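Here is the structure we will look at, set down as structure tokens.
Numbering (this note's numbering), first residue to last: 167 to 597.
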């Protein structure tokens with residue numbers, strides 16, 4: 167759908183989120199004809215698990231969670247040295263509650279998390295509890311040299327409605343006295359934090375194709391019109407994702423929290439689409455069995471709730487016999503004793519900086535679970551037993567370059583405002 171200016175509405179909204187600011191928010195109000203319910207006066211029903219989004223999101227025809235279309239990541243540094251004051255904690259919590267009163271907690275409304283890095287917790291004399299697995303970020307493959315993200319905090323804003331993420335951001339920066347008809351408090355995150363970086367993106371059927379012209383090096387005519395991600399295939403199948411329970415910290419003062427890893431991956435889509443044909447893309451994204459047997463239709467909606475990796479040959483056999491292994495085939499090897507995947511993906515595409523990239527955001531009980539999953543994806547064991555290269559014919563490794571990595575703790579809701587390293591354990595109940 168286009169308006170009298172001839173700009174497709176979804177293109178405009180994605181661009182507005184990428185640009186940000188009060189003007190972009192005002193423009194979205196005129197382009198999105200939506201009526202977003204406000205949040206409740208009493209927020210006590212909001213779950214302790216900040217990351218408990220699934221029940222608030224729609225499902226597709228197969229029961230897979232449909233990820234929110236528009237995303238903003240705000241990277242923040244605490245303005246003061248030393249340990250946070252109670253006044254600053256109150257400012258942060260008041261600002262967050264302001265936007266939660268303005269928008270209901272839903273896919274079309276607002277979903278958010280606040281997370282904290284190891285660098286933030288270094289300000290305390292005490293260490294994090296032993297049951298919190300939060301090391302500093304590091305390179306996770308011999309061929310990568312990422313820069314490390316070490317801001318104190320990251321706020322993740324998500325919604326199917328562009329004006330919601332923009333409005334929430336502006337209110338958190340103290341630029342909106344009223345949001346969605348709800349008066350905002352005289353408190354802003356930017357009174358306590360400085361904004362060091364802003365990253366944006368999108369996910370959803372057709373959005374990558376519609377926005378391919380915004381990035382250099384993207385063969386716009388090759389990106390499938392129905393694909394939810396730049397590389398042309400669906401992800402986030404229910405049976406290939408860890409559950410929210412599986413990624414939740416189970417005990418200690420940070421129980422009901424989780425850990426979060428965020429990577430920025432640069433995508434080589436010219437090579438992906440122009441060097442490789444459909445067979446090779448299916449084989450490298452899923453496995454050669456899928457490519458040989460026409461398992462995947464289009465972006466893969468026909469697969470239902472699973473990428474059907476169990477139908478593939480064992481990875482080592484595939485490598486020796488076919489000389490190529492699939493990304494999903496390798497990654498699926500990282501499972502716990504109950505055969506559950508270890509991570510819950512909430513990643514999204516981006517055209518920040520004018521190039522195609524992926525913000526790979528993963529939740530897991532401990533960062534070690536992400537490291538184990540990445541190790542399986544690297545397929546180093548496969549390269550030692552076959553002609554598969556360190557990156558060539560080794561899933562999608564040759565098409566992605568890791569530019570940045572960061573590790574974060576997503577504390578429970580009651581501790582989301584500048585948490586101490588050793589908080590007093592809760593006695594139960596949401597707040």
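Ideal placement from N, C-alpha and C gives every residue a C-beta, glycine not left out.
Predicted model only: the values in this text are computed from it and were never measured.
So, under 8 Å CB-CB, residue i and residue j are touching, yes? Tell me the CB distance rounded to an integer number of Å.
i: residue 407; j: residue 511; result: 6 Å
i: residue 392; j: residue 325; result: Wrong, their Cβ atoms sit about 22 Å apart, outside the cutoff.
i: residue 466; j: residue 228; result: At roughly 11 Å, the Cβ-Cβ gap does not stay under 8 Å, so residue 466 and residue 228 are not in contact.
i: residue 556; j: residue 295; result: Actually they do not touch by this definition, with Cβ atoms about 38 Å apart.
i: residue 578; j: residue 422; result: 4 Å
i: residue 428; j: residue 527; result: 5 Å
i: residue 430; j: residue 570; result: 4 Å
i: residue 481; j: residue 491; result: 6 Å
i: residue 300; j: residue 537; result: The pair is not a contact, with the Cβ atoms about 12 Å apart (cut-off 8 Å).
i: residue 222; j: residue 265; result: With 8 Å as the limit, residue 222 and residue 265 do not qualify as a contact, their Cβ atoms being about 15 Å apart.
i: residue 281; j: residue 316; result: That pair is no contact at about 13 Å.
i: residue 451; j: residue 494; result: 7 Å
i: residue 345; j: residue 261; result: Contact doesn't hold; Cβ gap of about 11 Å is too wide.
i: residue 383; j: residue 522; result: 7 Å
i: residue 457; j: residue 448; result: 4 Å
i: residue 364; j: residue 525; result: Not a contact, Cβ separation roughly 12 Å.
i: residue 390; j: residue 440; result: Actually they are not in contact, since the Cβ atoms of residue 390 and residue 440 sit about 15 Å apart, beyond 8 Å.
i: residue 329; j: residue 508; result: No, residue 329 and residue 508 are not in contact; Cβ-Cβ is about 35 Å, not under 8 Å.
Alpha carbon to alpha carbon, what distance is there between residue j and residue i?
i: residue 169; j: residue 180; result: A caution first: residue 169 carries a pLDDT of 49, below 50, which makes its placement in the model too unreliable to give a value.
i: residue 342; j: residue 502; result: 46 Å
i: residue 486; j: residue 496; result: 14 Å
i: residue 519; j: residue 378; result: 13 Å
i: residue 279; j: residue 488; result: 43 Å
i: residue 212; j: residue 436; result: 44 Å
i: residue 623; j: residue 186; result: Look at the range of the chain in this structure, 167 to 597, and you will see that residue 623 is not part of it.
i: residue 257; j: residue 350; result: 12 Å
i: residue 320; j: residue 359; result: 11 Å
i: residue 277; j: residue 209; result: 14 Å
i: residue 591; j: residue 533; result: 22 Å
i: residue 167; j: residue 199; result: With a pLDDT of 43 at residue 167, under the threshold of 50, the modelled position of that residue is not reliable, and the figure given next carries that caveat. Straight-line Cα distance between these residues: approximately 13 Å.
i: residue 585; j: residue 446; result: 47 Å
i: residue 553; j: residue 564; result: 15 Å
i: residue 354; j: residue 270; result: 20 Å
i: residue 297; j: residue 574; result: 14 Å
i: residue 395; j: residue 562; result: 14 Å
i: residue 189; j: residue 197; result: 13 Å
i: residue 292; j: residue 201; result: 47 Å
i: residue 515; j: residue 207; result: 34 Å
i: residue 566; j: residue 542; result: 16 Å
i: residue 453; j: residue 193; result: 44 Å
i: residue 224; j: residue 248; result: 42 Å
i: residue 218; j: residue 243; result: 25 Å
i: residue 513; j: residue 500; result: 18 Å
i: residue 376; j: residue 461; result: 26 Å
i: residue 313; j: residue 338; result: 27 Å
i: residue 259; j: residue 311; result: 36 Å
i: residue 336; j: residue 547; result: 48 Å
i: residue 288; j: residue 572; result: 15 Å
Rank the options by C-alpha distance to the C-alpha of residue i and give the top, closest one.
i: residue 361; options: 575, 241, 429, 506; result: 241
i: residue 455; options: 276, 463, 475; result: 475
i: residue 582; options: 553, 424, 443, 483; result: 424
i: residue 204; options: 193, 263, 545; result: 263
i: residue 374; options: 547, 177, 586, 557; result: 177
i: residue 568; options: 458, 448, 483, 433; result: 433
i: residue 216; options: 529, 550, 346; result: 529
i: residue 517; options: 200, 238, 246, 223; result: 238
i: residue 235; options: 537, 323, 254; result: 323
i: residue 331; options: 381, 182, 318, 461; result: 182
i: residue 412; options: 220, 531, 367, 483; result: 531
i: residue 551; options: 483, 221, 494; result: 483
i: residue 419; options: 580, 222, 405, 196; result: 580
i: residue 230; options: 255, 268, 403, 364; result: 403
i: residue 559; options: 442, 346, 336, 302; result: 442
i: residue 505; options: 440, 462, 405, 523; result: 405
i: residue 368; options: 348, 327, 336; result: 327
i: residue 473; options: 372, 400, 444; result: 400
Taking the continuous alpha helix (DSSP H) assigned at residue i, which residues delimit it?
i: residue 254; result: 252-268
i: residue 546; result: 546-549
i: residue 286; result: 284-287
i: residue 448; result: 444-451
Would you give the residue range spanned by the beta strand (DSSP E) that residue i belongs to?
i: residue 455; result: Segment 454-458 is the alpha helix (DSSP H) holding residue 455; no beta strand (DSSP E) there.
i: residue 235; result: Element bounds for residue 235: n/a, residue is neither H nor E.
i: residue 319; result: 319-325
i: residue 569; result: 566-576
i: residue 430; result: 424-433
Item to check | Runs of alpha helix (DSSP H) lying entirely within the stretch 334-377, each at least 4 residues, in chain order | outcome: 373-376, all fully within the stretch 334-377.
Checklist entry - In chain order, which beta strand (DSSP E) runs of at least 3 residues are fully inside the stretch 482-543? => result Fully enclosed beta strand (DSSP E) runs of 3 or longer: 514-516, 523-530.
Item to check | In chain order, each alpha helix (DSSP H) run of at least 4 residues that lies wholly inside the stretch 169-226 | outcome: Runs of the alpha helix (DSSP H) inside the stretch 169-226: 175-185, 188-197.
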